[in-house]
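Undergrad: Chains G and X, in that order, give the protein sequences. Numbering-wise, the first sequence is residues 228 to 551 according to the working numbering. Numbering-wise, the second sequence is residues 128 to 448 according to the working numbering. C-beta atoms are modelled at their ideal positions from N, C-alpha and C, and glycine is treated no differently. On a predicted model such as this, the values are computed, not experimentally measured, just so you know.
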Amino acid sequence: MRRMTYREALREALREEMGHDSSVFLLGEDIGRHWGGAFKVTDGLAQQFGDERVRDTPISESAIVGTGVGAAITGMRPVAEIMFGDLTALAMDQIANQAAKIRYMFGGQASCPLVIRTPFGAGVNIASHHSQSLEAWFMHVPGLQVAVPSTPYDAKGLLKTAIRGSNPVLFCEHKLLYPVEGDVPEDEYTIPFGVAEVKRKGSDVTVVATMYMVHKARNAAAELEEEGLSVEVIDPRTLTPLDKKAIVDSVKKTGRLVIVSEDCKTGGVSAEISSVVAEEAIDYLDAPIKRVTGADTPIPFSPPLEQYVIPDEKAIIKAVKEVV
Amino acid sequence: MTLALPKEKLAEMYRKMLEIRCFEEKVFELYGQNLVPGTIHLYAGEEAVAVGVCSSLRKDDYITSTHRGHGHCIAKGAELKRTMAEILGKKTGYCKGKGGSMHIADFNVGMLGATAVVGAGLPIAVGAGLSAKLRKTDQVVACFFGEGASNQGTFHESINMASAWSLPVIFVCENNLYAMGTRQSRIMNVENIADRAVAYGIPGVTVDGNDVLAVFEASQKAVDRARGGGGPTLIECKTYRHKGHSRVDPAKYRPKEEVEQWLARDPLKRFKEVLLQNSDFSQSEVQEIEEKIAADIEDAVKFAVQSPYPAPEEALEDVYA
Chain G
228 MRRMTYREAL
238 REALREEMGH
248 DSSVFLLGED
258 IGRHWGGAFK
268 VTDGLAQQFG
278 DERVRDTPIS
288 ESAIVGTGVG
298 AAITGMRPVA
308 EIMFGDLTAL
318 AMDQIANQAA
328 KIRYMFGGQA
338 SCPLVIRTPF
348 GAGVNIASHH
358 SQSLEAWFMH
368 VPGLQVAVPS
378 TPYDAKGLLK
388 TAIRGSNPVL
398 FCEHKLLYPV
408 EGDVPEDEYT
418 IPFGVAEVKR
428 KGSDVTVVAT
438 MYMVHKARNA
448 AAELEEEGLS
458 VEVIDPRTLT
468 PLDKKAIVDS
478 VKKTGRLVIV
488 SEDCKTGGVS
498 AEISSVVAEE
508 AIDYLDAPIK
518 RVTGADTPIP
528 FSPPLEQYVI
538 PDEKAIIKAV
548 KEVV
Chain X
128 MTLALPKEKL
138 AEMYRKMLEI
148 RCFEEKVFEL
158 YGQNLVPGTI
168 HLYAGEEAVA
178 VGVCSSLRKD
188 DYITSTHRGH
198 GHCIAKGAEL
208 KRTMAEILGK
218 KTGYCKGKGG
228 SMHIADFNVG
238 MLGATAVVGA
248 GLPIAVGAGL
258 SAKLRKTDQV
268 VACFFGEGAS
278 NQGTFHESIN
288 MASAWSLPVI
298 FVCENNLYAM
308 GTRQSRIMNV
318 ENIADRAVAY
328 GIPGVTVDGN
338 DVLAVFEASQ
348 KAVDRARGGG
358 GPTLIECKTY
368 RHKGHSRVDP
378 AKYRPKEEVE
388 QWLARDPLKR
398 FKEVLLQNSD
408 FSQSEVQEIE
418 EKIAADIEDA
428 VKFAVQSPYP
438 APEEALEDVY
448 A
């Protein structure tokens with residue numbers, strides 16, 4: 228199988244969709260020919276498709292998203308890049324009040340096929356304004372879809388689905404994943420939203436993990452296997468829609484649930500997943516649900532501080548052992 | 128004098144202005160009868176702006192609108208019946224009762240909807256303009272907003288972007304002097320919003336927003352420029368709302384003399400005088416228009432009142448496509 232990085236897989240999805248459909252265009256800060264995106268995802272695309280379709284914008288997050296909304300409701304399929312996930316705060320009205328509600332408020336007259344790509348996640352020592360994981364904010368906004376790919380394969384397939392869809396999508400990427408390699412087939416494919424994937428089969432404990440935490444959960448599962456514990460790792464791949472059935476089915480099988488997510492614990496991704504299981508499978512649980520999450524703090528700068536607030540393999544292993 | 132315009136065009140402009148006025152008066156009346164849920168922001172007094180601008184647009188051109196949007200809808204060609212039904216929360220309304228007074232849209236006539244977040248329509252208008260440019264149509268976008276919105280960050284971001292990309296957008300500032308109850312002079316050190324155009328390297332013009340022909344002329348010039356690839360224009364229309372900000376507001380913060388002064392410059396009254404004095408409109412022709420509109424409004428009310436409410440569970444529809 229062909230290997231490529233998460234970054235290359237995203238770029239290939241953009242390239243393919245721009246090739247198929249002239250209504251697809253990209254806009255964002257420094258995504259064009261002179262820089263290729265802060266994380267180089269769009270590198271080379273302006274050279275191939277021109278500056279009109281790969282547009283460098285002013286530093287105006289609200290107008291970037293709003294322009295995307297206006298273009299999306301008039302027949303285009305914009306893909307906006309917000310350079311860092313934290314900066315979605317600057318565009319929050321356009322995301323949460325406009326993009327998400329425009330179809331509903333107008334009684335279904337409009338569709339808003341806008342994709343907003345943005346990187347979340349800590350781990351590269353760039354402190355509080357460039358490191359947070361805010362996926363849960365967007366789960367709380369009806370009308371938005373939220374994708375959280377963890378592998379190059381998922382990144383490509385989900386991004387293509389997002390671009391082809393008819394709804395606004397918050398497409399969450401993770402900075403530490405950009406250089407991560409994985410298998411990506413030569414042939415084109417898409418991945419439907421709302422379908423989780425079992426990233427590792429197991430029978431003793433269910434671990435639901437997202438984004439970069441999927442990799443840490445797999446590492447932890449491999450270590451635990453040596454100790455005789457069989458861990459099933461489930462990656463929801465999209466948070467909205469959420470594949471509740473896959474999670475609940477796994478919990479019914481194992482009777483134990485650990486949720487691993489980098490975002491804050493309070494009101495976070497893990498809170499929603501716990502609630503789903505509490506509502507739909509509590510009778511199957513043989514132990515309390517455990518959550519391994521980011522601390523309820525902003526992300527600090529200094530490496531030892533930063534590492535302290537992000538979940539690691541050790542914390543996952545500890546949590547798994549506590550529920551068995 | 129622009130009465131060089133064809134008679135039918137002038138009649139249509141008068142008809143639209145009067146439709147808006149009568150419509151708003153009727154909405155006010157229905158509100159008093161508890162038939163309108165929520166609140167209302169009436170456009171009465173500002174008709175010359177919406178009609179002057181929309182008269183310079185084609186059907187396939189776009190507009191974006193605000194919480195004070197009934198006039199924009201009607202001026203762009205939305206039906207009175209479905210507009211009224213939406214305001215009453217009925218299933219037959221443009222948005223099936225999900226939007227209401229502050230969120231009416233009619234995509235079939237290029238009315239891309241009213242947003243009730245002040246200033247939020249500007250970036251969306253820029254996007255529609257970019258879309259027209261990328262699709263290589265020659266459509267233009269008129270973006271309505273108030274002088275209050277010109278203090279939002281989106282004003283700066285949007286006009287800068289539209290200018291940098293030479294997009295076909297006409298930014299129409301309806302300066303009615305008050306952002307809710309806050310007089311412009313208390314919160315801004317510029318008298319003319321149009322002066323801000325300098326900051327973006329685009330033309331900025333201030334016009335008498337109670338003179339529909341003046342608005343039309345300025346708008347037509349901006350539309351021609353935009354359609355020809357010349358980029359955006361900022362038009363400031365000085366106008367005045369006849370009522371308060373919303374239904375509950377008696378507008379006591381406005382000096383009595385000021386209100387009287389502006390009421391004396393009522394755009395509808397002025398246009399009617401111009402029509403009767405400077406064109407070959409007869410009193411009876413004007414009267415004919417007026418009677419037809421009175422009947423149309425009654426039909427719209429009847430339609431809206433008799434229409435059913437949506438079924439409660441329809442609240443769960445249209446969240447996702």
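Would you check if the distance between the CB atom of THR437 of chain G and the CB atom of GLU489 of chain G is smaller than 9 angstroms?
TA: Along the first sequence, one-based indexing puts residue 437 of chain G at 210. Along the first sequence, one-based indexing puts residue 489 of chain G at 262. Their beta carbons are under 9 angstroms apart, which means THR437 of chain G touches GLU489 of chain G by this criterion.
Undergrad: Cβ of LEU215 of chain X within 9 angstroms of Cβ of LEU157 of chain X?
TA: On the second sequence, residue 215 of chain X is found 88 positions in, with the first residue counted as 1. On the second sequence, residue 157 of chain X is found 30 positions in, with the first residue counted as 1. Yes, the pair counts as a contact, with Cβ atoms nearer than the cut-off.
Undergrad: Using a Cβ cut-off of 9 angstroms, pull out every chain X residue sitting near PRO463 of chain G, in sequence order please.
TA: As a working mapping, residue 463 of chain G is identified with position 236 in the first sequence. Correct list: empty, because the minimum Cβ distance to chain X is about 17 angstroms.
Undergrad: Taking a Cβ distance cut-off of 7 angstroms, strictly less, list which residues of the segment 361-372 of chain G are near chain X, in chain order.
TA: Going along the segment 361-372 of chain G in chain order, one finds PRO369, GLY370 with a Cβ nearer than 7 angstroms to chain X.
Undergrad: Using a beta-carbon distance cut-off of less than 7 angstroms, what residues from the segment 419-430 of chain X approach chain G?
TA: Cβ contacts with chain G: none found.
Undergrad: Based on the DSSP secondary-structure assignment, which residues constitute the bridge partners of TYR189 of chain X?
TA: Within the second sequence, residue 189 of chain X is the residue found at index 62, counting from 1. BP columns for TYR189 of chain X point to X:VAL268.
Undergrad: With DSSP as the reference, label GLN433 of chain X as helix, strand or coil.
TA: As a working mapping, residue 433 of chain X is identified with position 306 in the second sequence. Reduced to three states, the DSSP call for GLN433 of chain X is helix.
Undergrad: Identify, in the order they occur along the chain, each residue of the same chain with its Cβ nearer than 7 angstroms to the Cβ of ALA299 of chain G, setting aside the five sequence neighbours on each side.
TA: Sequence index remark: in the first sequence, residue 299 of chain G carries index 72 (1-based). Contacts found: PRO305, CYS339, PRO340, LEU341.
Undergrad: Keeping to the same chain, check which residues put their C-beta closer than 7 angstroms to that of VAL296 of chain G; ignore five residues upstream and five downstream.
TA: Working through the first sequence from its first residue, we reach residue 296 of chain G at position 69. Correct list, in chain order: GLN321, GLN325, ALA326, ILE329, CYS339, LEU341.
Undergrad: Need the endpoints of the beta strand (DSSP E) that GLU489 of chain G sits in, please.
TA: Mapped onto the first sequence, residue 489 of chain G falls at position 262. Per DSSP, GLU489 of chain G belongs to the beta strand (DSSP E) from 484-491.
Undergrad: Kindly list the residues whose CB is nearer than 6 angstroms to the CB of THR129 of chain X, restricted to its own chain and excluding five residues on each side of it in sequence; keep chain order.
TA: Within the second sequence, the letter at position 2 stands for residue 129 of chain X. Residue placement at THR129 of chain X is flagged as unreliable, the pLDDT there being 49, under the threshold of 50; a coordinate-derived value is accordingly withheld.
Undergrad: Can you look up CYS339 of chain G in the DSSP assignment and give me helix, strand or coil?
TA: Position 112 of the first sequence, counted from the first residue, corresponds to residue 339 of chain G. CYS339 of chain G falls in the coil class under three-state DSSP.
Undergrad: When the cut-off is 9 angstroms and only beta carbons count, does PHE276 of chain G lie next to chain X?
TA: For the purposes of this step, residue 276 of chain G is identified with residue 49 of the first sequence, where counting begins at 1. Not one chain X Cβ lies under 9 angstroms of PHE276 of chain G.
Undergrad: Starting from MET144 of chain X, follow the alpha helix (DSSP H) in both directions and report where the run begins and ends.
TA: Taking the first residue of the second sequence as 1, we reach residue 144 of chain X at position 17. From DSSP, the alpha helix (DSSP H) with MET144 of chain X extends over 134-159.
Undergrad: Below 7 angstroms CB to CB, which residues in the same chain sit around GLU549 of chain G once its five sequence neighbours on both sides are set aside?
TA: Taking the first residue of the first sequence as position 1, residue 549 of chain G is located at position 322. Around GLU549 of chain G: LYS517.
Undergrad: Any residues in the segment 307-330 of chain G with a beta carbon nearer than 8 angstroms to a beta carbon of chain X? Which ones, in chain order?
TA: Those would be ASP320, GLN321, ASN324, GLN325, ILE329, ARG330, in chain order.
Undergrad: Ignoring anything shorter than 4 residues or poking outside the segment 260-315 of chain X, list the alpha helix (DSSP H) runs there in chain order.
TA: You should have 280-291, 311-314.
Undergrad: Could you please tell me which residues of the segment 193-226 of chain X, in chain order, have their CB closer than 8 angstroms to any CB of chain G?
TA: Within the segment 193-226 of chain X, the residues whose Cβ lies closer than 8 angstroms to some Cβ of chain G are GLY220, TYR221, CYS222, LYS223, GLY224, LYS225, GLY226, listed in chain order.
Undergrad: Any beta carbon from chain X within less than 9 angstroms of GLU549 of chain G's own beta carbon?
TA: The residue labelled residue 549 of chain G in the question sits at position 322 within the first sequence. No - not a single Cβ of chain X is within 9 angstroms of the one on GLU549 of chain G.
Undergrad: Hey, does GLY335 of chain G have any beta-carbon neighbour from chain X nearer than 9 angstroms?
TA: Within the first sequence, the letter at position 108 stands for residue 335 of chain G. Chain X contact via Cβ: present.
Undergrad: What are the residues in the segment 273-287 of chain X lying within 7 angstroms of chain G by C-beta distance?
TA: Taking 7 angstroms as the Cβ-Cβ cut-off against chain G, the residues of the segment 273-287 of chain X that qualify are GLY280, THR281, GLU284, SER285, ASN287.
Undergrad: Using a Cβ-Cβ cut-off of 9 angstroms, state whether VAL292 of chain G counts as contacting chain X.
TA: Translated into positions along the first sequence, residue 292 of chain G becomes position 65. Yes, because at least one Cβ of chain X sits closer than 9 angstroms to the Cβ of VAL292 of chain G.
Undergrad: Just to make sure I have the definition right: I need the residues of chain G whose C-beta is within less than 8 angstroms of the C-beta of TYR436 of chain X. Which are they?
TA: On the second sequence, position 309 is the one that residue 436 of chain X refers to. Ordered by position in chain G, no residue passes the 8 angstroms Cβ test against TYR436 of chain X, which lies about 14 angstroms from the chain.
Undergrad: Going by other Cβ atoms of all chains shown within 10 Å of its Cβ, with 16 needed for buried, is VAL230 of chain G buried or exposed?
TA: For the purposes of this step, residue 230 of chain G is taken as the residue at position 3 of the first sequence. Contrary to the premise, residue 230 of chain G reads as Arg rather than Val in this sequence. With fewer than 16 Cβ atoms within 10 Å of its Cβ, ARG230 of chain G is classed as exposed.
Undergrad: Quick one, which of X:LYS399, X:TYR367, X:VAL332 has its alpha-carbon nearest LEU390 of chain X's?
TA: As a position in the second sequence, residue 390 of chain X is number 263, starting the count at 1. Closest by alpha carbon: X:TYR367.
Undergrad: Tell me which residue opens and which closes the alpha helix (DSSP H) that PRO530 of chain G is part of.
TA: Taking the first residue of the first sequence as 1, we reach residue 530 of chain G at position 303. Segment 530-536, the alpha helix (DSSP H) holding PRO530 of chain G.
Undergrad: Please determine, among G:GLY335, G:VAL373, G:ASN352, the residue with the shortest C-alpha to C-alpha distance to LEU181 of chain G.
TA: Beyond the ends of chain G as shown, which are 228 and 551, falls residue 181 of chain G; an answer cannot be given.
Undergrad: Since THR284 of chain G meets chain X, which of its residues come closer than 8 angstroms, beta carbon to beta carbon?
TA: Along the first sequence, read from residue 1 onward, the residue named residue 284 of chain G stands at position 57. Those are MET288, listed as they occur along chain X.
Undergrad: What beta strand (DSSP E) runs, 3 residues minimum, are completely inside the segment 416-446 of chain G?
TA: Runs of the beta strand (DSSP E) inside the segment 416-446 of chain G: 424-427, 432-436.
Undergrad: Looking at the structure shown, is VAL251 of chain G part of a helix, part of a strand, or coil, going by DSSP?
TA: For this step, residue 251 of chain G is matched to residue 24 along the first sequence. If DSSP states are grouped into helix, strand and coil, VAL251 of chain G belongs with the strands.
Undergrad: Run through DSSP, which three-state label would ALA240 of chain G get?
TA: The sequence position of residue 240 of chain G within the first sequence is 13, counting from 1. ALA240 of chain G: helix per DSSP, three-state reduction.
Undergrad: Given a cut-off of 9 angstroms, decide if GLY246 of chain X and ALA202 of chain X are closer than it, judged by their beta-carbon atoms.
TA: Sequence index remark: in the second sequence, residue 202 of chain X carries index 75 (1-based). Sequence index remark: in the second sequence, residue 246 of chain X carries index 119 (1-based). No, the pair does not count as a contact, with Cβ atoms beyond the cut-off.
Undergrad: Note down, in chain order, every chain X residue with its Cβ under 8 angstroms from the Cβ of MET332 of chain G.
TA: The residue given as residue 332 of chain G occupies position 105 in the first sequence. What MET332 of chain G touches in chain X: CYS222, LYS225, GLY226, HIS230, ALA232, GLY240.
Undergrad: Would you mind giving the Cβ-Cβ distance between PRO437 of chain X and LYS218 of chain X, rounded to the nearest angstrom? I have them listed as a contact below 8 angstroms.
TA: Looking up residue 437 of chain X in the second sequence gives position 310. Looking up residue 218 of chain X in the second sequence gives position 91. Right, their Cβ atoms sit about 4 angstroms apart.
Undergrad: Do the segment 376-389 of chain X and the segment 183-193 of chain X make contact, defined as three or more Cβ pairs closer than 8 angstroms?
TA: Cβ pair count under 8 angstroms is below three, so no.
Undergrad: Consult DSSP for GLN388 of chain X and reduce its assignment to one of helix, strand or coil.
TA: Locating residue 388 of chain X in the second sequence gives position 261, counting from the first residue. Helix at GLN388 of chain X.
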